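Novice:
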Amino acid sequence: MQNLIIKGGKRLSGAVSIHGAKNSVLPLICSTVLLTGKSVLHNCPELTDVYAALNILESLGLGWSMNGADIEIISKYPESAEIPESLMLKMRSSVMFLGAILSRTGHAVISAPGGCRLGPRPIDIHLSALKKMGANVRENGGKLIFDASGGLDGAEIVLDFPSVGATENIIMAGALANGTTTVYNAAREPEIKDLTDFLIKCGADISGGGTDTVVIRGVRRLTGAEHTVIPDRIEAATYMAAAAITGGSVTVKNVIPGHFTAVSEIFREAGCEVSFLDGDVIITAPERLNAVKSVKTRVYPGFPTDAGPVLLSALSVACGTSVISESIFENRFGFTDELSRFGARIKVFGRVAVIDGVSELSAAPCNCTDLRGGAALIIAALKANGESRIGNLCHVMRGYQDLANNLRTLGADIIEL
Ligand code: UD1
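Its first residue numbered 89, the sequence shown is counted upward by one per residue in the working numbering.
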């Protein structure tokens, strides 16, 4: 699939089921490097990022197979401790193999990770934590070479910023380390709790996953386990935005309501009715949304940065002026140049976007620039009068399974070319 052709203006209604969370399944796959034996992960989304992670596993000598939404992984001591550069470049999450490889083998070789260009995304927090745990790091020919031949040691680590990836990396590094690792100012995203829940099933001794202090007592051996990946709260927020921009009414099935406090609050402020029933979220939007005076993306449980772009698109047709401030990534709003092609009136001042709601959007050809920005363009096209062509869908396919199909089920006029 290269392009989406969307004839906008259809009011979306009906129900859609959410897949497993991309941001959970990726660290879960990484963590299988720590294990011995068979694991089965249920509710896995079929995404290019997931295949990228599985290809890295394969390059380390681990076996996997996928059967629908189940991934079976056979873990053993890795044959290699190096992630090839071509695989590192596929996504930023490739860096999350680091803690697990180093903890398991005492060595690791990586190069700079790829991923969406949302501004500089250094890995200094990951590196300083691993150094604190006794790893020696040197650079050679563009590669980072890690050595901890006697094994990693537990440490007290205070994160400068509650980085999601660094928290996960340290948890995996600590799982087989000598002694106890404590992470202070840890990220609290639900995907971290999903990772610790899985590792505990594998025999890890971890407490506090999903809180700001995680304690990991290293154990000698971890064995494979069975686990169901939590639903993707960002995918769900995307369908909520699709309902909101089209004045629709959509039931988003299979969510964890507690993950939606900040998101629901903002959609309610925009005039939508949002309710929860038996693990579903039901959103009903007014004909025209209200502007939201000030939204700031924050670490969990705040409004998620990954849902900022789709919210921005929805607010581009709200009545009045909305302001979204981004606190995590420098260039989150890079996609707004493309969004302006639809007639949206957005001014970006560094990390702040000011959105002057217009009453109508008109169709335009545009190209996705990153994963969530790409989803935001699709949301805009659902509203725009006329036929839009959206290209560069590879970005969107990194994080959304069956997006076009699901939107069609909800009544959108959308075809894949
Ligand atoms: C994860 C999510 C991503 C989400 C982000 C923030 C996955 C696979 N991806 O990404 O979808 O947008 O959390 O919720 O779970 N930083 C540093 N140094 C570091 C690490 C991070 O400066 O060593 C900075 C980053 O540049 C960024 C901020 O911290 O500005 C947040 O990054 P982090 O929380 O680490 O995000 P990721 O784990 O990459």
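Cβ atoms here follow ideal geometry from the backbone N, Cα and C, with glycine treated the same way.
Remember, it's a predicted structure, so these values are computed and weren't measured experimentally.
Consider the C-beta atom of residue 421 and the heavy atoms of the ligand UD1; say whether any pair is separated by less than 7 angstroms.
Specialist: No, since every heavy atom of the ligand UD1 falls outside the 7 angstroms radius drawn around the Cβ of residue 421.
Novice: Report the three-state DSSP secondary structure of residue 251 (helix, strand or coil).
Specialist: Three-state DSSP puts residue 251 in coil, outside helix and strand.
Novice: Roughly how many whole angstroms lie between the Cα atoms of residue 225 and residue 469?
Specialist: Distance between the alpha carbons of residue 225 and residue 469 is about 47 angstroms.
Novice: Mind checking whether the beta-carbon of residue 251 lies closer than 7 angstroms to any heavy atom of the ligand UD1?
Specialist: Residue 251: yes, Cβ under 7 angstroms from the ligand UD1.
Novice: Entirely within the segment 245-292 and at least 3 residues each: give me those beta strand (DSSP E) ranges in chain order.
Specialist: Fully enclosed beta strand (DSSP E) runs of 3 or longer: 268-272.
Novice: What residue range does the alpha helix (DSSP H) around residue 352 cover?
Specialist: Taken as a continuous stretch (DSSP letters only), the alpha helix (DSSP H) holding residue 352 covers 349-357.
Novice: Taking 8 angstroms as the threshold (C-beta atoms), are residue 320 and residue 110 in contact?
Specialist: Yes, Cβ-Cβ distance for residue 110 and residue 320 is below 8 angstroms.
Novice: Rounded to the nearest angstrom, what separates residue 135 and residue 286 at their Cα positions?
Specialist: In a straight line, the C-alpha of residue 135 is about 21 angstroms away from that of residue 286.
Novice: Cutting at 6 angstroms between CB atoms, please list the residues of its own chain near residue 103, excluding the five before and the five after it.
Specialist: Cβ within range, chain order: 339 and 341.
Novice: For residue 261, which of 312, 301 and 193 has the nearest alpha-carbon?
Specialist: Nearest C-alpha to residue 261: 193.
Novice: Measuring CA to CA, which of 442, 322, 157 and 196 is closest to residue 169?
Specialist: Nearest of 442, 322, 157 and 196 to residue 169, Cα basis: 196.
Novice: Counting only the same chain and skipping the five closest in sequence on each side, list residues whose C-beta sits under 6 angstroms from that of residue 411.
Specialist: Contacts found: 382 and 442.
Novice: Exposed or buried, which one is residue 507 when buried takes at least 16 other CB atoms within 10 Å?
Specialist: A query on residue 507 cannot be resolved here, the shown segment of the chain reaching from 89 to 505 and no further.
Novice: Taking all protein chains shown into account, decide if residue 272 is buried (16 or more other Cβ within 10 angstroms of its Cβ) or exposed.
Specialist: It counts as exposed.
Novice: Tell me which residues share the same chain as residue 141 and place their Cβ nearer than 6 angstroms to its Cβ, disregarding the 5 neighbours each side in the sequence.
Specialist: Answer for residue 141: 114 and 117, listed in chain order.
Novice: Count the CB pairs spanning the segment 90-101 and the segment 494-502 that are closer than 8 angstroms, and state whether there are at least three.
Specialist: Short answer: they touch.
Novice: Taking 7 angstroms as the line, does the beta carbon of residue 397 fall inside it for any heavy atom of the ligand FMN?
Specialist: This structure does not include the ligand FMN; its bound ligands are the ligand UD1.
Novice: Do you know offhand how far residue 445's Cα is from residue 374's?
Specialist: Distance between the alpha carbons of residue 445 and residue 374: 15 angstroms.
Novice: Per the DSSP calculation, residue 432 is bridged to which residue(s)?
Specialist: Residue 432 is not bridged to any residue.
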